[in-house]
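First to last, the sequence lines map onto chains X and E.
Here our numbering is used: the first residue of the first sequence is 74, the next is one more, and so on.
Here our numbering is used: the first residue of the second sequence is 74, the next is one more, and so on.
Yeah, the Cβ is synthetic: ideal placement off N, Cα and C, and Gly gets one too.
There are 2 protein chains.
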Amino acid sequence: MTAATDNERTHVVAVLGRGVIDADLPVVTADDLGLTRGDGCFDSARVVTDPTGSAHVVDLDGHLTRLACSAAALAIASPPREDWQALVAEALACWSTPGEGTLKLVLTRGREWQSSGPTALVTLTHRGPERPTVAPGDSRPAPSITAVTLSSGLPADAFAGAPWLLGGVKTLAYAVNVAAVREARGRGADDAIFVTTDGYALEGTTSALLVARDGALLATPTGDTGILESVTVTSILSRAPGHGLTGRHELVPVADLFRAQGVWLVSSSRGPVQVTTLDGIALAHDGETAERVLRLAGF
Amino acid sequence: MTAATDNERTHVVAVLGRGVIDADLPVVTADDLGLTRGDGCFDSARVVTDPTGSAHVVDLDGHLTRLACSAAALAIASPPREDWQALVAEALACWSTPGEGTLKLVLTRGREWQSSGPTALVTLTHRGPERPTVAPGDSRPAPSITAVTLSSGLPADAFAGAPWLLGGVKTLAYAVNVAAVREARGRGADDAIFVTTDGYALEGTTSALLVARDGALLATPTGDTGILESVTVTSILSRAPGHGLTGRHELVPVADLFRAQGVWLVSSSRGPVQVTTLDGIALAHDGETAERVLRLAGF
């Protein structure tokens, strides 16, 4: 069956306790709390296949650590790291698709009607051909998007002392993020940047925010803001000093996005994607800084 | 197999397009957006089985209407009402368990990797023996719980003009509600009442709030508060005048809960459950009002 074959090449599903299964087969029951309550967490990482057909996950360790933090915040007993690593290896063994992919690690609290233990699964999804490296002087445009600002409904310190609000936890409960993308598309933009009721820019709907302002790279602080620590942004900030840039966590007023040298939405699988217009207003693009940011992120 | 037989009696699962299936069988794929993003909605209703073994759903119409509103807010094309009614009927046909049950209607956006259309399923879950009717002069205590107040992180008007925050939409993204129950239990209480940053009481974690104050029944307004319209509370308020009570939607300051004649958390399946202590402080209990509230809710 052609469809199934195509599907096997572009999607791989592996479930803890069952191994790799047909991606078209159901995997969770009707009472799985990840389905019925969004009661679980996930993490996403970039998968790169080299010309020999060998695939690897970029910074799997960092993503497994973040997943473990999310699970701990939800009081879900995540399987041991070795089990996740073995499950990822099983999935990768079925994966020789050229180009880039996304690994997703999904953990739910498990079944409600019987004590099954947590549900743990991984998926691999093809993302398209290998992304072109941006070389110095290269005229190929870096990936870019348009965005609008949308209120998060919250002040910047809403998550202080309120762990039940699950700030910094990558839960499966992403319905608001999906609705925000829908709102952005309805306004003719690609994505949204959440802003606080007291005027700060927070993050994208599935990505972290990075701003170049006054010669420094600024990322939204985690903690009281409820912002998730970004594996890629952390890597960019830590490597910045070696590349002639300073980087730090600092809340950026929304107004500053319009006078910045560059604004990026950053995710592990897509890397830094430059925002070209915000609320219909063109943002500055400094080619040299943009190139450095891509390199710092390993793209 | 005893376990399977037991399971069949206490849980029924019916999936649109598949009919009734073994409750232990998986129903959704790894890429179902309800699982991976909480991108879907649900509704819950009370199921009562009469002594002849015939089961019916209390106000199925009201719950189907609310589900349709949730689906519309998420831009998910819900199956026609007749399809839901037929699916519920299929599930009920397998259900003769004495006592009370909960019907859950679950709708997700469907699969991410291929256009499958939305996933629609219903579950029936046994809730225990028939609830005793509270008769006048009956000394059996009405159901009650203890609660703590937890911040919602938001002001009372946070959802005004921000439809992407999904106020009033019963999404599958309930991780914060689950975490709030966990926090409440950690503080020695049964449940939590969310309160706004500007000092108003909103709702429970899976229930609406009803307060008897100065001779009136008060329910949290929907709309800007993001509060879900409660099918049971709506019914209580509309029937109150015929039972010598007035009822209306009004924001109640948290402080007023401590001087009220009664505070209830109301859900369709459990009905009004009286809050006996809040943050460790005993709340008033007016027996006559409590009895009327139970009757108004049909319990």
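Sequence-distant residues of the same chain with beta carbon closer than 6 Å to residue i, five excluded per side
i	result
Arg365/E	His316
Val130/E	Ala118, Val120 and Leu176
Ile309/X	Leu369 and Ala370
Asp263/X	Ile218 and Thr219
Ser280/E	Leu338, Val339 and Ser340
Leu301/E	Gly241 and Lys243
Arg200/E	Glu173, Gly174 and Thr175
Gly344/E	Ala370 and Phe372
Ala146/E	Val242
Arg82/X	Thr170
Arg154/E	Leu137
Proximity below 8 Å, CB of residue i to CB of residue j
i	j	result
Thr196/E	His84/E	yes
Pro152/X	Thr122/X	no
Ile94/E	Val101/E	no
Ala103/X	Val221/E	no
Thr270/X	Gly299/X	no
Gly335/E	Asp359/E	yes
Glu66/E	Ala265/E	In the structure as shown, chain E starts at 74 and stops at 372, and residue 66/E therefore has no counterpart that could be examined.
Ala229/X	Tyr273/X	yes
Ser169/E	Ala128/E	yes
Ala333/X	Val268/X	no
Thr307/E	Ala313/E	no
Glu185/X	Thr109/X	yes
Gly135/X	Val304/X	yes
Proximal chain X residues relative to residue i, where beta-carbon distance stays under 9 Å
i	result
Thr244/E	Gly111, Ala246, Ala248, Val249 and Ala252
Arg255/E	Leu147, Ala148 and Trp237
Neighbouring residues, chain E, relative to residue i (Cβ below 8 Å)
i	result
Ser117/X	Within chain E, no residue comes near Ser117/X; the closest Cβ sits about 10 Å away, beyond 8 Å.
Val232/X	This sequence places Phe at residue 232/X; Val is not what is there. Within chain E, the residues near Phe232/X are Gly226.
Spatial neighbours of residue i in its chain, beta-carbon cut-off 8 Å, leaving aside the 5 residues before and after
i	result
Ser212/E	No answer about Ser212/E holds up, because its pLDDT of 46 lies below 50 and its placement is not dependable.
Gln158/X	Leu133 and Leu137
His322/X	Leu291, Ala292, Thr293, Pro294, Thr295 and Leu310
Thr36/X	Here chain X covers residues 74 to 372 and nothing more, so residue 36/X does not appear.
Gly126/E	Ser169 and Pro171
Asp297/E	Ala229, Asp230, Ala231, Phe232, Ala233 and Gly240
Gly210/E	The predicted position of Gly210/E is uncertain, since its pLDDT is 47 and thus under 50; a value taken from the coordinates is nonetheless stated next. Answer for Gly210/E: no residue qualifies.
Interface partners of residue i on chain X, CB under 7 Å
i	result
Asp352/E	Result: empty, since nearest Cβ-Cβ is about 15 Å, beyond 7 Å.
Cβ-based neighbour list, residue i, same chain, cut-off 7 Å, excluding 5 preceding and 5 following
i	result
Ile354/E	Phe331
Leu194/X	Val86, Ala87, Val88, Leu89, Val100 and Val179
Asp156/X	Leu89
Val346/E	Pro216, Ser217, Ile218, Trp337 and Leu338
Leu165/E	Ala128
Met74/X	With a pLDDT of only 33 at Met74/X, under 50, the local geometry of the prediction cannot be trusted, and the value read off the model is given with reservation. Answer for Met74/X: no residue qualifies.
From the options, residue whose alpha carbon lies closest to that of residue i
i	options	result
Ala252/E	Thr362/X, Leu290/X, Val251/X and Leu245/X	Leu245/X
Ile149/X	Leu108/X, Gly111/X, Trp157/X and Pro191/X	Pro191/X
Pro326/E	Leu282/E, Arg184/E and Phe232/E	Leu282/E
Asp329/X	Ala145/X, Arg286/X, Tyr247/X and Phe267/X	Arg286/X
Cys167/X	Gly92/X, Gly234/X, Ala141/X and Arg110/X	Gly92/X
Leu239/E	Gly111/E, Leu106/E and Gly90/E	Gly111/E
Lys243/E	Arg139/E, Leu223/E and Ala289/E	Arg139/E
Ala144/E	Glu361/E, Phe372/E and Arg182/E	Arg182/E
Ser188/E	Val306/E, Leu106/E, Ala289/E and Arg260/E	Leu106/E
Val254/X	Pro236/E, Arg258/E, Gly259/E and Asn250/E	Pro236/E
Thr278/X	Leu223/X, Gly261/X and Ala231/X	Leu223/X
Gly288/E	Glu361/E, Phe115/E, Ala96/E and Leu160/E	Glu361/E
Thr276/E	Gly259/E, Arg258/E, Asn250/E and Arg260/E	It is Glu, not Thr, that sits at residue 276/E in the sequence shown. Nearest C-alpha to Glu276/E: Asn250/E.
Ala96/X	Pro124/X, Thr198/X and Leu160/X	Thr198/X
Proximal residues of chain E, C-beta to C-beta of residue i below 9 Å
i	result
His136/X	By Cβ distance, chain E contributes nothing, its closest Cβ being about 16 Å from His136/X, past 9 Å.
Val86/X	Thr102, Ala103 and Asp104
Chain A contact residues for residue i, given Cβ-Cβ distances below 9 Å
i	result
Ala96/X	Considering every chain present, this structure includes no chain A. Its protein chains are X and E.
Contacts of residue i in chain X (Cβ-Cβ under 8 Å)
i	result
Thr196/E	Ala103 and Asp104
Val179/E	Ala103, Leu108 and Thr109
Amino acids of chain E, ordered along the chain, whose beta-carbon sits closer than 7 Å to that of residue i
i	result
Leu223/X	Trp237
Val325/X	What Val325/X touches in chain E: nothing, since even the nearest Cβ is about 21 Å away.
What are the residues in the stretch 100 to 115 of chain X lying within 9 Å of chain E by C-beta distance? Against chain E - using a Cβ distance shorter than 9 Å - the residues of the stretch 100 to 115 of chain X are Val100, Val101, Thr102, Ala103, Asp104, Asp105, Leu106, Gly107, Leu108, Thr109, Arg110, Gly111, Asp112, Gly113, Cys114 and Phe115.
Taking a Cβ distance cut-off of 9 Å, strictly less, list which residues of the stretch 296 to 308 of chain E are near chain X, in chain order. Gly299
Check each residue of the stretch 258 to 290 of chain X: if its Cβ is closer than 8 Å to any Cβ of chain E, include it; give the result in chain order. Ala265 and Thr270
Counting only Cβ-Cβ distances shorter than 8 Å, please list the residues of the stretch 120 to 132 of chain X near chain E, keeping chain order. none
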